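Undergrad: Just so you know, we're using my numbering here: the sequence shown kicks off at 41 and counts up by one.
Mind having a look at this structure? Questions to follow.
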Amino acid sequence: MTHTVLNIQASARHDGSVTRQLSEKVLASIGADTTITRDLSEGLPLLNAAWIDANFTPSDDRTDAHRETLALSDGLVDEISRADTLVIGSPVYNFSVAAVLKAWIDQICRIGVTFKYTPDGPVGLLTGKRAIIVVASGGTPVGSDIDYATDFLRHIMGFIGITDVSIIAADALGNDAEAKIAAVQNEIENLTFEEADQ
Ligand SMILES: Cc1cc2nc3c(=O)[nH]c(=O)nc-3n(C[C@H](O)[C@H](O)[C@H](O)COP(=O)(O)O)c2cc1C
Numbered sequence: 041m042t043h044t045v046l047n048i049q050a051s052a053r054h055d056g057s058v059t060r061q062l063s064e065k066v067l068a069s070i071g072a073d074t075t076i077t078r079d080l081s082e083g084l085p086l087l088n089a090a091w092i093d094a095n096f097t098p099s100d101d102r103t104d105a106h107r108e109t110l111a112l113s114d115g116l117v118d119e120i121s122r123a124d125t126l127v128i129g130s131p132v133y134n135f136s137v138a139a140v141l142k143a144w145i146d147q148i149c150r151i152g153v154t155f156k157y158t159p160d161g162p163v164g165l166l167t168g169k170r171a172i173i174v175v176a177s178g179g180t181p182v183g184s185d186i187d188y189a190t191d192f193l194r195h196i197m198g199f200i201g202i203t204d205v206s207i208i209a210a211d212a213l214g215n216d217a218e219a220k221i222a223a224v225q226n227e228i229e230n231l232t233f234e235e236a237d238q
């Protein structure tokens, strides 16, 4: 089986970014035949009225203008659809995800495309994929009551059908950063490419 990875990076920083550095290690450990890179530090548009109108217009009724409005979103969804594994670098900004990562999430949560509603509730449509999320924070412990990033990301992945989610946490780096990063690097070295367990 060939392995396609979608590498999504949300840190505004390049130099000195812990999530980017650790994500590179993840990529080296899991390997890939094809890597698609989506660097969110270049920014993404926020949803607006035109986008919402286009998205909620049934696809057969969409005008050329609707299609043009959704073109970026379609492209981002296509990147996920092509990937077997998503690697997401997510710094904690103000106790949550970077705004640009939320903007990406808003672009890829598409009714009828990445999820659908059924009488039993929402069902994600992008099944058979795995997500590895690399989180870094300065003081917020991952998994604590003030971490509004990781549960949210895990939930969003499940919402679009990706339930095989690993969180790699380099958290609370304000103390003992070197030791913590070294421990996470060891964890990453033990990662291998695995098909999603769903
Ligand atoms: C705008 C901004 C907001 C931040 N907010 C938090 C926060 O709420 N909690 C926290 O623990 N660290 C916070 N930090 C620290 C970052 O999470 C930490 O520096 C992390 O390493 C950033 O990821 P990066 O190294 O990949 O850029 C913040 C940093 C920035 C630049």
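Cβ coordinates follow ideal geometry from the N, Cα and C atoms, glycine included.
It should be emphasised that the depicted structure is a prediction, and the values quoted were computed from it without experimental measurement.
Between residue 177 and ligand 1, is the CB less than 6 angstroms from at least one heavy atom?
TA: yes
Undergrad: Tell me, please, which residues DSSP counts as bridged to residue 162.
TA: 157
Undergrad: By Cβ distance below 8 angstroms, which residues in the same chain neighbour residue 181 in space, the five residues on each side in sequence not counted?
TA: 187, 211 and 212
Undergrad: Would you give the residue range spanned by the beta strand (DSSP E) that residue 122 belongs to?
TA: Taken as a continuous stretch (DSSP letters only), residue 122 belongs to no beta strand (DSSP E), being part of the alpha helix (DSSP H) at 111-122.
Undergrad: Does any residue of chain B bring its CB to less than 7 angstroms from the CB of residue 99?
TA: Absent here is chain B; the protein component of the structure consists of one chain.
Undergrad: Could you spell out where the alpha helix (DSSP H) holding residue 93 opens and where it closes?
TA: 89-95
Undergrad: Measure the alpha-carbon distance for residue 221 versus residue 96 and round it to whole angstroms.
TA: Their Cα atoms are separated by approximately 44 angstroms.
Undergrad: Give the range of the beta strand (DSSP E) segment to which residue 125 is assigned.
TA: 125-133
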